[in-house]
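Enquirer: Take this structure first; my questions come after.
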Amino acid sequence: MALLEVKNLGISFGGLRAVDDFNLEIEQGQLYGLIGPNGAGKTTIFNMLTGVYKPTNGKIFLDGEDITGKTNIEINKHGIARTFQNIRLFSGLTVLDNVKVGLHNQKEYIYSALTGILRLPRYRQAEKAMDARAMEILKVFDLDQESGYLASNLPYGKQRRLEIARALATNPKLLLLDEPAAGMNPNETQELMDMICFVRDEFKMTILLIEHDMKLVSGICEKLTVLNFGQVLACGETSEVLKNPEVITAYLGE
Amino acid sequence: MKQMKKMSKTTKDNLITYGVVALAYVVVEILLKGGMISSLLQGLLVPLCVYVVLAISLNLVVGISGELSLGHAGFMCVGAFAGAFVSNYVKDMIPVGGIRLLLALLVGAAAAAIFGLLIGIPVLRLRGDYLAIVTLAFGEIIKNVVNVFYVGVDGNGIHVSVKDKLSLGLEADGLVIINGPQGITGTPKDASFTAGVLLIFLTLFIVLNLINSRDGRAIKSIRDNRIAAESVGINITKYKLMAFSVSASLAGAAGVLYAHNLASLQASKFNFNTSILVLVFVVLGGIGNIRGSIFAAVILTLLPELLRALNDYRMLIYAIVLIVMMLATSSPAGQAMRERIALKLFSGRKKETKEEQ
Ligand SMILES: Nc1ncnc2c1ncn2[C@@H]1O[C@H](COP(=O)(O)OP(=O)(O)OP(=O)(O)O)[C@@H](O)[C@H]1O
Ligand SMILES: [Mg+2]
Numbered sequence: 154m155a156l157l158e159v160k161n162l163g164i165s166f167g168g169l170r171a172v173d174d175f176n177l178e179i180e181q182g183q184l185y186g187l188i189g190p191n192g193a194g195k196t197t198i199f200n201m202l203t204g205v206y207k208p209t210n211g212k213i214f215l216d217g218e219d220i221t222g223k224t225n226i227e228i229n230k231h232g233i234a235r236t237f238q239n240i241r242l243f244s245g246l247t248v249l250d251n252v253k254v255g256l257h258n259q260k261e262y263i264y265s266a267l268t269g270i271l272r273l274p275r276y277r278q279a280e281k282a283m284d285a286r287a288m289e290i291l292k293v294f295d296l297d298q299e300s301g302y303l304a305s306n307l308p309y310g311k312q313r314r315l316e317i318a319r320a321l322a323t324n325p326k327l328l329l330l331d332e333p334a335a336g337m338n339p340n341e342t343q344e345l346m347d348m349i350c351f352v353r354d355e356f357k358m359t360i361l362l363i364e365h366d367m368k369l370v371s372g373i374c375e376k377l378t379v380l381n382f383g384q385v386l387a388c389g390e391t392s393e394v395l396k397n398p399e400v401i402t403a404y405l406g407e
Numbered sequence: 066m067k068q069m070k071k072m073s074k075t076t077k078d079n080l081i082t083y084g085v086v087a088l089a090y091v092v093v094e095i096l097l098k099g100g101m102i103s104s105l106l107q108g109l110l111v112p113l114c115v116y117v118v119l120a121i122s123l124n125l126v127v128g129i130s131g132e133l134s135l136g137h138a139g140f141m142c143v144g145a146f147a148g149a150f151v152s153n154y155v156k157d158m159i160p161v162g163g164i165r166l167l168l169a170l171l172v173g174a175a176a177a178a179i180f181g182l183l184i185g186i187p188v189l190r191l192r193g194d195y196l197a198i199v200t201l202a203f204g205e206i207i208k209n210v211v212n213v214f215y216v217g218v219d220g221n222g223i224h225v226s227v228k229d230k231l232s233l234g235l236e237a238d239g240l241v242i243i244n245g246p247q248g249i250t251g252t253p254k255d256a257s258f259t260a261g262v263l264l265i266f267l268t269l270f271i272v273l274n275l276i277n278s279r280d281g282r283a284i285k286s287i288r289d290n291r292i293a294a295e296s297v298g299i300n301i302t303k304y305k306l307m308a309f310s311v312s313a314s315l316a317g318a319a320g321v322l323y324a325h326n327l328a329s330l331q332a333s334k335f336n337f338n339t340s341i342l343v344l345v346f347v348v349l350g351g352i353g354n355i356r357g358s359i360f361a362a363v364i365l366t367l368l369p370e371l372l373r374a375l376n377d378y379r380m381l382i383y384a385i386v387l388i389v390m391m392l393a394t395s396s397p398a399g400q401a402m403r404e405r406i407a408l409k410l411f412s413g414r415k416k417e418t419k420e421e422q
């Protein structure tokens with residue numbers, strides 16, 4: 154059974170049919186790419202998968218469970234975490250605290266407000282464990298040196314990585330990355346590709362990513378779905394899809 | 066390493082805040098003992114504590130939770146009346162002022178917390194300007210509702226009316242405690258400077274520890290980016306409500322202290338001007354800066370009194386001080402200066418490590 158199964162998903166904004174009859178199957182452990190020209194509806198699909206938008210029609214199953222129409226908070230608890238195309242960090246919090254907010258709902262770190270105010274032993278124990286876990290995650294993204302910085306003081310590329318770290322901290326089954334390499338130089342992109350692969354292998358993570366950088370897509374995605382004007386143009390093995398003449402005219406151009 | 070530094074920096078920061086309050090207390094006590102404080106200033110000591118507690122508690126909503134609330138005086142009003150009622154009720158049963166005040170504080174804070182919850186549930190769905198307007202309205206509503214209440218006690222228990230004193234139908238031995246627009250008179254003067262400072266410490270303890278805990282992080286994450294907070298599973302309503310009702314209950318406690326410093330208490334005192342005054346403390350002290358709130362509340366409460374001698378120039382100087390404080394706490398240059406001072410004070414080496422990077 155596929156980890157994520159999307160059937161006939163569609164959404165309309167007034168008269169605009171932003172996404173129509175979208176189908177997708179992602180297996181556990183897969184690194185899957187979603188590509189398409191600007192305005193194709195990619196981010197809109199992420200927003201439906203994470204409960205930010207309610208789909209007009211269609212169904213979404215995660216691990217066999219129907220999660221269609223649940224709120225974004227519930228869906229995160231079910232196991233989908235994401236990053237945003239336009240970075241959304243907790244800018245007034247430190248890098249470390251950003252990740253700790255991601256750890257918020259993990260059972261082993263929960264304690265009550267009263268425990269926190271009274272500084273009971275459980276508070277110290279849980280905070281210490283959280284710090285350790287957060288640092289572990291930050292290390293994966295090479296951000297452990299900056300753990301005390303304000304998130305807003307990080308350079309752009311590191312902010313993108315911190316967003317992934319925060320999403321990962323919620324311990325998801327499926328990680329959605331919306332243009333993780335946007336605004337990065339080739340060096341940073343290469344580093345990012347290594348990190349994404351590392352996360353997939355080390356955390357046994359399933360990853361769906363939107364990306365315009367073809368080098369990244371062809372470099373790490375095993376399968377692809379191409380979207381155009383809200384509809385699926387092609388899907389399949391990355392190398393096959395990228396050879397598809399329709400895809401080349403619609404997206405790659407020339 | 067870095068993280069350890071940061072942790073100890075927050076702790077240090079908090080310790081400095083506690084230290085400043087303790088120092089101020091000791092200095093004032095010494096001056097009092099030496100008879101060096103005028104009776105006018107002595108009369109200001111308890112209100113000063115009241116305003117400090119109000120400013121800290123409002124900063125929890127405005128600075129930490131990031132919501133503009135203009136109804137803080139309403140919660141103060143609830144606390145003041147609930148607390149004063151209790152004290153009048155038990156006046157003869159409990160002769161010890163301290164215990165009576167403690168009981169009043171508990172009841173007043175609880176009553177205000179309940180109001181905070183009841184108002185917060187519908188109101189916190191709104192954001193920004195809308196929330197500000199609705200909290201303002203609720204503040205006024207509370208004041209006006211309390212203004213028409215008559216509450217009395219006799220052998221049969223507690224009587225409540227919203228019409229007049231007579232309709233309470235009290236027995237001959239009955240006693241009117243809350244007398245409509247005339248409010249409560251005869252509340253025992255249990256408040257003292259020491260009690261006020263203790264309340265400040267308690268408020269600081271609750272607010273600072275809450276801010277630096279799991280729930281405080283969640284509250285701040287919502288302030289910084291609501292959508293991102295939802296995406297990592299933070300329950301927005303729960304945490305906004307938590308900040309709002311904790312803040313309300315502390316404002317209620319401040320109200321109790323206030324009520325026990327006055328011979329007569331009317332609801333009309335808890336008007337919009339009071340809410341705005343407290344907001345001014347928070348804004349000028351630096352939004353989200355708890356220690357700043359304390360300083361702003363103290364300076365801006367004392368200043369008009371200290372400047373009394375200057376008559377005509379009083380408001381002018383007050384205005385200048387406001388502007389200077391605003392520049393110091395809110396302008397980028399002022400913030401940079403504060404940071405530089407903080408760096409010098411806390412760790413001389415910190416700057417160097419930053420430059421290495
Ligand atoms: N909330 C909304 N209301 C109305 N229209 C919307 C809304 N969200 C998205 N759209 C429209 O849906 C279409 C798809 O937008 P979407 O952001 O999903 O594109 P995208 O594939 O992510 O593009 P890009 O590569 O530029 O990020 C666009 O035409 C957009 O204007
Ligand atoms: Mg997009």
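Protein sequences, first through last, are from chains A and B. Under the numbering used here, the first sequence has 225 at position 72, and the numbering climbs by one with no breaks. Under the numbering used here, the second sequence has 289 at position 224, and the numbering climbs by one with no breaks. Glycine included, C-beta positions come from ideal geometry on N, C-alpha and C.
With 7 angstroms set as the bound, which would you pick, yes or no: does the beta-carbon of R403(B) sit closer than that to a beta-carbon of chain A?
Expert: Here the question's residue 403(B) lines up with position 338 in the second sequence. Taking Cβ atoms only, chain A never reaches closer than 7 angstroms to R403(B), which makes this a no.
Enquirer: Does the beta carbon of A266(A) come closer than 7 angstroms to any beta carbon on chain B?
Expert: For the purposes of this step, residue 266(A) is taken as the residue at position 113 of the first sequence. Yes, A266(A) counts as interfacial toward chain B.
Enquirer: Looking at C-alpha atoms only, which residue of L321(A), E375(A) and L273(A) is the closest neighbour of T236(A)?
Expert: Against the first sequence, residue 236(A) aligns to sequence position 83. Nearest of L321(A), E375(A) and L273(A) to T236(A), Cα basis: L321(A).
Enquirer: Does any CB atom of chain A fall closer than 7 angstroms to the CB of Q68(B)?
Expert: To locate residue 68(B), count along the second sequence from 1; it is residue 3. Its pLDDT being 49, under 50, Q68(B) is placed unreliably by the model, and nothing is read from it.
Enquirer: So, V347(B) versus N124(B), is the Cβ gap smaller than 7 angstroms?
Expert: Here residue 347(B) refers to the residue found at position 282 when the second sequence is read from its first residue. Here residue 124(B) refers to the residue found at position 59 when the second sequence is read from its first residue. Cβ atoms of V347(B) and N124(B): closer than 7 angstroms.
Enquirer: Using 8 angstroms as the threshold, is the region 236-255 of chain B in touch with the region 265-282 of chain B, meaning 3 or more CB pairs across them?
Expert: Contact fails: fewer than three Cβ-Cβ distances are below 8 angstroms.
Enquirer: Any heavy atom of ligand 1 within a distance shorter than 6 angstroms of the CB on T359(A)?
Expert: For the purposes of this step, residue 359(A) is taken as residue 206 along the first sequence, with counting starting at 1. Flag unset: Cβ of T359(A) not near ligand 1.
Enquirer: At a CB distance below 7 angstroms, what residues from the region 303-316 of chain A approach chain B? Give them in sequence order.
Expert: Residues passing the 7 angstroms Cβ filter: none.
Enquirer: From D174(A) to V400(A), what distance separates their C-alpha atoms?
Expert: As a position in the first sequence, residue 174(A) is number 21, starting the count at 1. As a position in the first sequence, residue 400(A) is number 247, starting the count at 1. One C-alpha to the other measures close to 18 angstroms.
Enquirer: Which stretch, first to last residue, makes up the beta strand (DSSP E) that contains T221(A)?
Expert: Counting from one through the first sequence, the residue named residue 221(A) turns up at place 68. Note, T221(A): premise wrong, no beta strand (DSSP E); not H, not E.
Enquirer: From this set, L392(B), L167(B), D280(B) and F150(B), which residue's C-alpha is nearest L267(A)'s C-alpha?
Expert: Against the first sequence, residue 267(A) aligns to sequence position 114. Among L392(B), L167(B), D280(B) and F150(B), the Cα nearest to that of L267(A) belongs to D280(B).
Enquirer: Around the C-beta of K98(B), are 16 or more other C-beta atoms found within 10 angstroms, so that it is buried, or is it exposed?
Expert: Your numbering for residue 98(B) matches position 33 in the second sequence. Label assigned to K98(B): exposed.
Enquirer: Beta carbons nearer than 8 angstroms to chain B: which residues of the region 238-250 of chain A have them?
Expert: Listed by position along the chain: R241, L242, F243, S244, G245, L246, T247, L249 and D250.
Enquirer: Pull up the distance between the alpha-carbon of V188(B) and that of G269(A), whole angstroms please.
Expert: Along the second sequence, one-based indexing puts residue 188(B) at 123. Along the first sequence, one-based indexing puts residue 269(A) at 116. Their backbone Cα atoms lie some 26 angstroms apart in a straight line.
Enquirer: Within 7 angstroms of any Cβ in chain A, is that where the Cβ of E417(B) sits?
Expert: Here the question's residue 417(B) lines up with position 352 in the second sequence. Note that E417(B) scores 39 on pLDDT, short of 50, meaning its location in the model is unreliable and no value can be drawn from it.
Enquirer: Please state whether DSSP places Q312(A) in a helix, a strand or coil.
Expert: Along the first sequence, read from residue 1 onward, the residue named residue 312(A) stands at position 159. Residue state, collapsed to three classes: helix.
Enquirer: What distance in whole Å lies between the Cβ atoms of D219(A) and K326(A), which are believed to be in contact at a cut-off of 8 angstroms?
Expert: Working through the first sequence from its first residue, we reach residue 326(A) at position 173. Working through the first sequence from its first residue, we reach residue 219(A) at position 66. Not a contact, Cβ separation roughly 15 angstroms.
Enquirer: Within 10 Å of its beta-carbon, does D295(A) have 16 or more other beta-carbons around it, so buried, or fewer, so exposed?
Expert: One-based indexing of the first sequence puts residue 295(A) at position 142. Result: exposed.
Enquirer: What did DSSP end up calling H231(A) once you bin it into helix, strand or coil?
Expert: Locating residue 231(A) in the first sequence gives position 78, where the first residue counts as 1. Helix at H231(A).
Enquirer: Can you name the residues that DSSP bridges to V216(B)?
Expert: Within the second sequence, numbered from 1, the residue matching residue 216(B) stands at position 151. Per DSSP, V225(B) and I243(B).
Enquirer: Look up I188(A) in the DSSP assignment and say whether it is helix, strand or coil.
Expert: As a position in the first sequence, residue 188(A) is number 35, starting the count at 1. Strand, per DSSP.
Enquirer: What residues from chain C crowd round D280(B), counting only those whose CB sits closer than 7 angstroms?
Expert: Given the protein chain composition of this structure (A and B), no chain C is represented.
Enquirer: V111(B) and F258(B) look like a contact to me (Cβ under 8 angstroms); what is the Cβ gap, rounded to whole Å?
Expert: Here the question's residue 111(B) lines up with position 46 in the second sequence. Here the question's residue 258(B) lines up with position 193 in the second sequence. V111(B) to F258(B), Cβ: 6 angstroms. Contact.
Enquirer: Have a look at Y83(B) and N176(A) and give me their C-alpha separation to the nearest angstrom.
Expert: As a first step, residue 83(B) must be located in the second sequence, where it is residue number 18. As a first step, residue 176(A) must be located in the first sequence, where it is residue number 23. Going from the Cα of Y83(B) to the Cα of N176(A) covers about 59 angstroms.
Enquirer: Ignore the nearest five residues each way along the sequence and tell me which others in V386(B)'s own chain have a CB closer than 8 angstroms to its CB.
Expert: Sequence index remark: in the second sequence, residue 386(B) carries index 321 (1-based). Excluding residues within five positions, the ones whose Cβ falls inside 8 angstroms are I364, L365 and L368.
Enquirer: With a cut-off of 7 angstroms, does the C-beta of G336(A) fall near any C-beta of chain B?
Expert: As a position in the first sequence, residue 336(A) is number 183, starting the count at 1. No, because no Cβ of chain B sits closer than 7 angstroms to the Cβ of G336(A).
Enquirer: Ignore the nearest five residues each way along the sequence and tell me which others in L344(B)'s own chain have a CB closer than 6 angstroms to its CB.
Expert: Taking the first residue of the second sequence as 1, we reach residue 344(B) at position 279. Answer for L344(B): no residue qualifies.
Enquirer: Is it right to say F166(A) is buried, meaning 16 or more other beta carbons lie within 10 angstroms of its own, or is it exposed?
Expert: Position 13 of the first sequence, counted from the start, is the residue given in the question as residue 166(A). It counts as exposed.
Enquirer: Kindly indicate if chain B contains any beta-carbon less than 7 angstroms away from that of N258(A).
Expert: The sequence position of residue 258(A) within the first sequence is 105, counting from 1. True, the Cβ-Cβ gap to chain B drops below 7 angstroms.
Enquirer: From the DSSP output, read off the bridge partner residues of I179(A).
Expert: Locating residue 179(A) in the first sequence gives position 26, where the first residue counts as 1. Beta-bridge pairing links I179(A) to L157(A).
Enquirer: Compute the beta-carbon to beta-carbon distance between G128(B) and N277(B), rounded to the nearest angstrom, for a pair I have assumed lies under 8 angstroms.
Expert: Sequence index remark: in the second sequence, residue 128(B) carries index 63 (1-based). Sequence index remark: in the second sequence, residue 277(B) carries index 212 (1-based). No, G128(B) and N277(B) are not in contact; Cβ-Cβ is about 14 angstroms, not under 8 angstroms.
Enquirer: Would you verify that the beta carbon of D289(B) is, or is not, closer than 7 angstroms to some beta carbon of chain A?
Expert: By one-based count along the second sequence, residue 289(B) stands at place 224. Judged by the 7 angstroms Cβ criterion, D289(B) is in contact with chain A.
Enquirer: So, using beta-carbon positions, are G204(A) and K230(A) closer together than 7 angstroms?
Expert: Along the first sequence, read from residue 1 onward, the residue named residue 204(A) stands at position 51. Along the first sequence, read from residue 1 onward, the residue named residue 230(A) stands at position 77. Not a contact, by the Cβ cut-off of 7 angstroms.
Enquirer: Is it buried or exposed, E364(A), if we count other Cβ atoms within 10 angstroms and call 16 or more buried?
Expert: Locating residue 364(A) in the first sequence gives position 211, where the first residue counts as 1. Flag for E364(A) reads buried.
Enquirer: Which of the three DSSP states, helix, strand or coil, is assigned to C142(B)?
Expert: On the second sequence, position 77 is the one that residue 142(B) refers to. Helix, per DSSP.
Enquirer: Using CA coordinates, which residue listed in E205(B), I102(B), S122(B) and A374(B) is at the minimum distance from S358(B)?
Expert: As a working note, residue 358(B) is residue 293 in the second sequence. For S358(B), the nearest C-alpha among the options comes from S122(B).
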